[in-house]
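Numbering (my numbering), first residue to last: 19 to 421. All C-beta atoms, glycine included, are put in the ideal place defined by N, C-alpha and C. Because the structure is a prediction, the values reported are computed rather than measured. One structure is given here, and the rest of the page talks about it.
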Ligand code: C2E
Ligand code: MG
Ligand code: MG
């Protein structure tokens, strides 16, 4: 973090936030007018933070967001407003739609502790945001991704999922990573869109499922029952041979299909619904579990949800993360839990970032939790030490009895 810019028409707020920023050891520069800010706006915005008030005369926060988007800014943006939180959420969505790197949105007054937490989040080396930022700017070439698939450079990280009522570790979600020879570890946002664009998702998913099943089988052989979830994409659910290929693979590993969950996002169901329905129904008939991922962000109708034999509903993390500070997010989480249960599905909340969220989810009767508060996605070795450390808090649900 090189510098923090504070833009607010209220001079007292500018002074207070500048003081907080300096106390936290960062350089601050304040503006009571966004026009002046753009006069000094640096060309390289990679390591800067902008704290932006939405309600300002002359140029308001929404206009600033638009100007930042025009300049293709990659600054870290924190929105602040005296309005109610729904205005902040809408501004946040707008910033997301413009591909801006929005860190959080805060209602006034802003406390020192909160700011400290946010700055830690931005500069903390362990956060994914940071990992993605330090990657080089050169766009990744298609040939590199092809090489990665041939050269087996893909890796899986596993994120724990726990039963909220009992605390048992009931499974892990496998998330793809790319161990790039020069750039280091890359996250799905660098992999999936490109693989989708160039029709490589069939190959990628096959490798991911293969790795996940192989790993889960290894755990079983050691006596650990750890069901695994993998994400599949639209291309997989339009390939009519996918269920058979998958069954072959499971047979080859002598893998119980009920220990594998396939996650499909709502938006992926938008394409050829009849084919997807055909494929998903066959997968379910073969004993696999089906999960609807990122629920609440797409456009699936209730009848669609009823028609496809989903066994699990994953409430999108944008709602879960905000449920304790935003009544609307709380309302959506509540409704999703009720809907999932009404349709006889297990409900998973992802993005559980605090103990407070976990407690509220328990009170709402949500079944399973996944999120940074419980554990981040980890490689197999890290996961093992996480399990050892948390064996009392999150004991294994079942041990496989070997004969
Ligand atoms: P997803 O399936 O919804 O996975 C959850 C994402 O949220 C993961 O990001 C995970 O690291 C992150 N996450 C988990 N808990 C928290 C939390 O408490 N707070 C926050 N802020 N984030 C949390 P990741 O690994 O970057 O994956 C992003 C998306 O990429 C996934 O979203 C999934 O849609 C896609 N993806 C990942 N692996 C695969 C894959 O093998 N195949 C396909 N088709 N898609 C994949
Ligand atoms: Mg998922
Ligand atoms: Mg999700």
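Inset, instruction - Note down, in chain order, each residue of its chain lying with its Cβ closer than 6 Å to the Cβ of residue 348, except the 5 sequence neighbours on either side. - result: Position 330 of the chain shown, counted from the start, is the residue given in the question as residue 348. Here the set comprises 341.
Legend entry - Proximal residues to residue 100 (C-beta, below 6 Å), its chain only, five neighbours per side dropped: One-based indexing of the chain shown puts residue 100 at position 82. Answer for residue 100: 126, listed in chain order.
Inset, instruction - Return yes when the C-beta of residue 303 is under 7 Å from any heavy atom of ligand 3, and no when it is not. - result: Numbered from 1 along the chain shown, position 285 holds the residue referred to as residue 303. No; taking the cut-off as 7 Å, the Cβ of residue 303 has no heavy atom of ligand 3 nearer than that.
Inset, instruction - Please confirm whether residue 454 and residue 231 have their CB atoms less than 8 Å apart. - result: Residue 454 cannot be examined here, being either before or after the span of the chain that is shown, 19 to 421.
Inset, instruction - Taking only the alpha-carbon atoms, compute the straight-line gap between residue 220 and residue 44 and give it to the nearest angstrom. - result: Translated into the one-based positions of the chain shown, residue 220 becomes position 202. Translated into the one-based positions of the chain shown, residue 44 becomes position 26. If I take the Cα positions, the gap works out to 46 Å.
Legend entry - Beta-carbon proximity of residue 66 to residue 20, cut-off 8 Å: For this step, residue 66 is matched to residue 48 along the chain shown. For this step, residue 20 is matched to residue 2 along the chain shown. Yes, Cβ-Cβ distance for residue 66 and residue 20 is below 8 Å.
Legend entry - Boundaries (first-last residue) of the alpha helix (DSSP H) holding residue 168: Residue mapping note: residue 168 aligns to position 150 of the chain shown, counting from 1. Element bounds for residue 168: 160-168.
Legend entry - Near ligand 5: residue 364 beta-carbon under 7 Å from a heavy atom: The model depicted lacks ligand 5 and carries ligand 1, ligand 2 and ligand 3 instead.
Inset, instruction - Pull up the distance between the alpha-carbon of residue 276 and that of residue 237, whole angstroms please. - result: Position 258 of the chain shown, counting from 1, holds the residue named residue 276. Position 219 of the chain shown, counting from 1, holds the residue named residue 237. Cα to Cα, the separation comes out at about 15 Å.
Inset, instruction - Would you mind listing the beta strand (DSSP E) stretches within the region 262-336 that are 3+ residues and don't spill past its ends, in chain order? - result: 278-283, 307-313 and 330-333
Inset, instruction - Check whether the Cβ atoms of residue 180 and residue 24 lie closer than 8 Å to each other. - result: On the chain shown, position 162 is the one that residue 180 refers to. On the chain shown, position 6 is the one that residue 24 refers to. Not in contact: residue 180 and residue 24 (Cβ atoms no closer than 8 Å).
Inset, instruction - Please list, following the chain, all residues that have a C-beta closer than 6 Å to any non-hydrogen atom of ligand 2. - result: 191, 249, 281 and 311
Inset, instruction - Using only the heavy atoms of ligand 1, determine whether one of them is closer than 7 Å to the beta carbon of residue 315. - result: Counting from 1 along the chain shown, the entry for residue 315 is found at position 297. Outside the cutoff, so no.
Inset, instruction - Tell me where the alpha helix (DSSP H) around residue 40 begins and ends. - result: Translated into the one-based positions of the chain shown, residue 40 becomes position 22. Start and end: 29-41.
Legend entry - Under 8 Å between C-beta atoms of residue 280 and residue 318: Start at 1 with the first residue of the chain shown, and residue 280 comes out as number 262. Start at 1 with the first residue of the chain shown, and residue 318 comes out as number 300. No, the Cβ-Cβ distance between residue 280 and residue 318 is not below 8 Å.
Inset, instruction - With a threshold of 16 other CB atoms inside 10 Å of the CB of residue 177, please say whether the residue is buried or exposed. - result: On the chain shown, residue 177 is found 159 positions in, with the first residue counted as 1. That one is buried.
Inset, instruction - Could you pull out every unbroken beta strand (DSSP E) segment of at least 3 residues lying fully inside the region 216-261, listed in chain order? - result: 246-249
Legend entry - Contact set for residue 73: own chain, Cβ-Cβ below 8 Å, skip 5 residues either direction: In the chain shown, the residue the question calls residue 73 occupies position 55. The answer, listed in chain order, is 27, 79, 99, 100 and 101.
Inset, instruction - State the Cα-Cα distance for the pair residue 173 and residue 50, rounded to the nearest angstrom. - result: Numbered from 1 along the chain shown, position 155 holds the residue referred to as residue 173. Numbered from 1 along the chain shown, position 32 holds the residue referred to as residue 50. In a straight line, the C-alpha of residue 173 is about 48 Å away from that of residue 50.
Inset, instruction - Apply the 10 Å Cβ neighbour rule to residue 48 and answer buried if 16 or more other Cβ atoms are within range, or exposed otherwise. - result: Counting from 1 along the chain shown, the entry for residue 48 is found at position 30. By the neighbour-count rule (16 or more Cβ atoms within 10 Å), residue 48 is buried.
Inset, instruction - State the DSSP-derived secondary structure class of residue 133, mapped to helix, strand or coil. - result: Position 115 of the chain shown, counted from the start, is the residue given in the question as residue 133. Of the three classes helix, strand and coil, the one that applies to residue 133 here is helix, per DSSP.
Legend entry - Assigned secondary structure, residue 381 (DSSP; H/G/I helix, E/B strand, else coil): On the chain shown, position 363 is the one that residue 381 refers to. Note: residue 381 maps to helix in three-state DSSP.
Legend entry - Proximity test, residue 341 beta-carbon vs ligand 3 heavy atom, cut-off 7 Å: Here residue 341 refers to the residue found at position 323 when the chain shown is read from its first residue. No; taking the cut-off as 7 Å, the Cβ of residue 341 has no heavy atom of ligand 3 nearer than that.
Inset, instruction - Verify whether the separation of the beta carbon atoms of residue 364 and residue 329 is less than 8 Å. - result: By 1-based counting over the chain shown, the position of residue 364 is 346. By 1-based counting over the chain shown, the position of residue 329 is 311. Against a cut-off of 8 Å, the Cβ pair of residue 329 and residue 364 comes out as a contact.
Legend entry - Straight-line gap, residue 86 to residue 110 (C-alpha atoms, nearest Å): Here residue 86 refers to the residue found at position 68 when the chain shown is read from its first residue. Here residue 110 refers to the residue found at position 92 when the chain shown is read from its first residue. Between residue 86 and residue 110, the C-alpha separation is close to 13 Å.
Legend entry - Burial state of residue 353 (16 or more Cβ within 10 Å): For the purposes of this step, residue 353 is taken as residue 335 along the chain shown, with counting starting at 1. Per the 10 Å Cβ criterion, exposed.
Legend entry - Cβ-Cβ distance between residue 249 and residue 311 below 8 Å: The residue you call residue 249 lines up with position 231 of the chain shown. The residue you call residue 311 lines up with position 293 of the chain shown. In contact: residue 249 and residue 311 (Cβ atoms closer than 8 Å).
Inset, instruction - Starting from the C-beta of residue 411, find all residues in its chain whose C-beta is less than 7 Å away, skip the five residues before and the five after it, and write them out in chain order. - result: Here residue 411 refers to the residue found at position 393 when the chain shown is read from its first residue. Same-chain partners within the cutoff: 185.
Legend entry - Reduced DSSP category for residue 345 - H, G, I as helix; E, B as strand; rest coil: Translated into the one-based positions of the chain shown, residue 345 becomes position 327. Here residue 345 sits in helix by DSSP.
Inset, instruction - Taking only the alpha-carbon atoms, compute the straight-line gap between residue 269 and residue 313 and give it to the nearest angstrom. - result: On the chain shown, residue 269 is found 251 positions in, with the first residue counted as 1. On the chain shown, residue 313 is found 295 positions in, with the first residue counted as 1. Straight-line Cα distance between these residues: approximately 31 Å.
Legend entry - DSSP three-state assignment for residue 178, whether helix, strand or coil: For the purposes of this step, residue 178 is identified with residue 160 of the chain shown, where counting begins at 1. Correct three-state label for residue 178: strand.
Inset, instruction - Give the straight-line distance between the Cα atoms of residue 116 and residue 84, rounded to the nearest whole angstrom. - result: Position 98 of the chain shown, counted from the first residue, corresponds to residue 116. Position 66 of the chain shown, counted from the first residue, corresponds to residue 84. Taking the straight line joining both Cα atoms gives about 8 Å.
Inset, instruction - Name the two residues that bound the continuous alpha helix (DSSP H) containing residue 407. - result: As a working note, residue 407 is residue 389 in the chain shown. Element bounds for residue 407: 398-407.
Inset, instruction - Could you check what DSSP says for residue 106 in three-state terms: helix, strand or coil? - result: Numbered from 1 along the chain shown, position 88 holds the residue referred to as residue 106. Of the three classes helix, strand and coil, the one that applies to residue 106 here is helix, per DSSP.
Inset, instruction - In angstroms with no decimal places, state the Cα-to-Cα distance between residue 322 and residue 35. - result: Translated into positions along the chain shown, residue 322 becomes position 304. Translated into positions along the chain shown, residue 35 becomes position 17. Between residue 322 and residue 35, the C-alpha separation is close to 48 Å.
Legend entry - Heavy atom of ligand 1 within 7 Å of residue 279 beta-carbon: As a position in the chain shown, residue 279 is number 261, starting the count at 1. No, ligand 1 has no heavy atom inside 7 Å of this Cβ.
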